[in-house]
Amino acid sequence: MAEVSRRAFLFGGVALASGVAACSVPDGPQLPQPQALSEPYELLATPSGYSGQFPGPLLKVREGDRVQLAFRNGLDAPTSLHIHGLPLSPAVDAPLTHLKPGESDHRDFTIPPGTAGTYWYHPHAHGDVERQLLMGLAGPIIVDDGRIDADDRLVMITKDLQVNGVARPVITPRSGRVRLRLINATAADTLLLGVLRDGDQQTFHLIATDGGLVENPVPLTEILLTSGERAEILVDTTTAGRLELRALPYSVYGPGGAQSEDRLLASLDVPAGLVPIPLPGSMRKIDAPTGSRTRRLVLNGHGDSMFTINSRTFDHNRVDMEVKSGTTEIWELVNEHTMDHPFHLHSYSFQVVDAPFRAWRDTVNVPPGSTVRIVIPFHGPPGRTVYHCHIASHEDLGMMGILEVT
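Residue numbers (my numbering): -15 to 390.
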C-alpha cells in the first residue's frame, strides 16, 4: 500500500495508483431525489424509515430560517432525533433524551449564519443506534446557499451502499459542472471516494465539508468519508461519456490491513455539448481559532465487545468533561485501538489542527496508532451534550462521553 500523504491522512484517504479496474455490474435507475418536507414540518419514526420513506424526507432551508419540527416515535422501542452537524444548542439537539414508543417532541430553532451546506438527521438512542440506522432511519438536510452555479445533486449513501435508496443509480448531468452533496449515512462503512473515467481517477474540487463551504475550491482525486461525514464536490462534465463514483479499496486497519472491495456507487452519463461553468472563486473566510487548554482523549477497546474513551465506557449519569462557555480548547484524539475511529462532537464545530486548508468539521477520522488534534471554540449556547465514535456499534458498546458546557 502507498505511503499515507499528509492530505490523505487528514481526510482519511490513501493515495492509490490510477487505473482501478471497473467491475462489470448493471446500472440502476436514474438517481431519485428524496421528497421534500413542507410546512408544518413533521417527522414520524417508523420501521420503514422516517414518515415511511427511505431515505427520510429532505429538509431544505436557508440561513436565518426558523424551523419548527414536530417528531413522533412510531417504533416499538425508544428513539431520538439527532440533527447531525448543525451547530444547534444541546437543548435543541437533546442527544441524551429518548422518546418512548408513541411519545412526541417539538424542536424550534433558527438556522445559524455561515452554515450553508449539507447535513442529516438520524436516531441517537444509545444501545440501539446501529439497529435503527440499518432499519433505514436517516434523512438529509440542505441549508441552501444559492451561490454555486452547478447541477446540484444529493448523494446520500446508506445501508448496503445504496444511494438515495437505490443501488448504482445513474445521474444525467444537465450542465457542465455537477455538484455532488455526499453524505455517508451508513452505520459503519468507511468510504474512500473517487470519480473515475475508464478506470482513471479524475480531479474534482472539494467545496464543502461537514460545516459547510471551505474558503476556496480544493482540487482532489479522492476523499475519504467515514460514517457521518459529508463533503460537497464539483465534477467537470463537459466531456461526454461515462464517469463513475466509486468506493475505492481502503483498510480501516492501517497500512497493510485487509482492504474493502472496489464498489460502484453511482455513474454519471454525460451527454455531449454541455457548456463549461467556471469554478467559484473565494466562497467564505474562515478564521483559525486558538486554543487555551489542551485535553487528551484516548480511543481504545477490548475485542469487539467493548469500546472506551479514556478507559471508560459510556455512563448516562456521568459527566466526563466540563468546559467553560466562551473558551476555545485543543483536544488530542489518540487512537490506541487496531482500527479507524471517526470521532464526532455534537453542537460545537471544530477545525483540524495543521490541516492543509481551513474547514469546519463535526467528524474526523482517527487512524490506528495516530493522534489527531482538533481546536474547538465553545462559543455556542451552553448545555450537556456528547462526543463519540460514529461507528454505530462502537457507540452502542460504550465509545461515548458526556460533555457539559457551563
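Glycine residues also receive a C-beta, built at the ideal position from the N, C-alpha and C atoms.
By DSSP's assignment, glutamate 306 forms a beta bridge with Glu388. Looking at Asn168, Leu145, Lys143, Asp135, the one whose alpha-carbon comes closest to that of isoleucine 155 is Asp135. In this structure, glycine 178 sits near glutamate 206, with a CB-CB distance shorter than 8 angstroms. No Cβ-Cβ contact shorter than 8 angstroms links histidine 68 with histidine 110.
With contacts defined by Cβ atoms closer than 8 angstroms, glycine 120 and glycine 33 form a contacting pair.
Contiguous alpha helix (DSSP H) elements confined to the segment 84 to 149 occur at 113 to 118, taking only those with 4 or more residues. The beta carbons of threonine 322 and proline 352 sit closer together than 8 angstroms. Glutamine 335 has its alpha-carbon roughly 15 angstroms from the corresponding atom of arginine 277. Three or more pairs of CB atoms, one per stretch, sit closer than 8 angstroms, so the segment 185 to 197 contacts the segment 89 to 106. In terms of Cβ geometry, leucine 72 and leucine 43 do not form a close pair [threshold 8 angstroms].
The residue from Pro96, Gln116, Thr390, Arg357 with its alpha-carbon nearest to that of aspartate 129 is Pro96.
In the DSSP assignment, serine 251 forms a beta bridge with Val154, Glu228. DSSP links phenylalanine 291 through a beta bridge to Gly285.
The segment 160 to 173 makes contact with the segment 259 to 271; the number of CB pairs closer than 8 angstroms reaches 3 or more. Shown here, histidine 189 sits in a strand according to DSSP, grouped into three states.
For valine 76, same chain residues with a beta-carbon under 8 angstroms away, outside a window of 5 residues either side, are Ile67, Arg91, Asp92, Phe93 in chain order. Excluding residues up to 5 positions away in sequence, Thr30 lie with their Cβ nearer than 7 angstroms to the Cβ of glycine 36 in the same chain.
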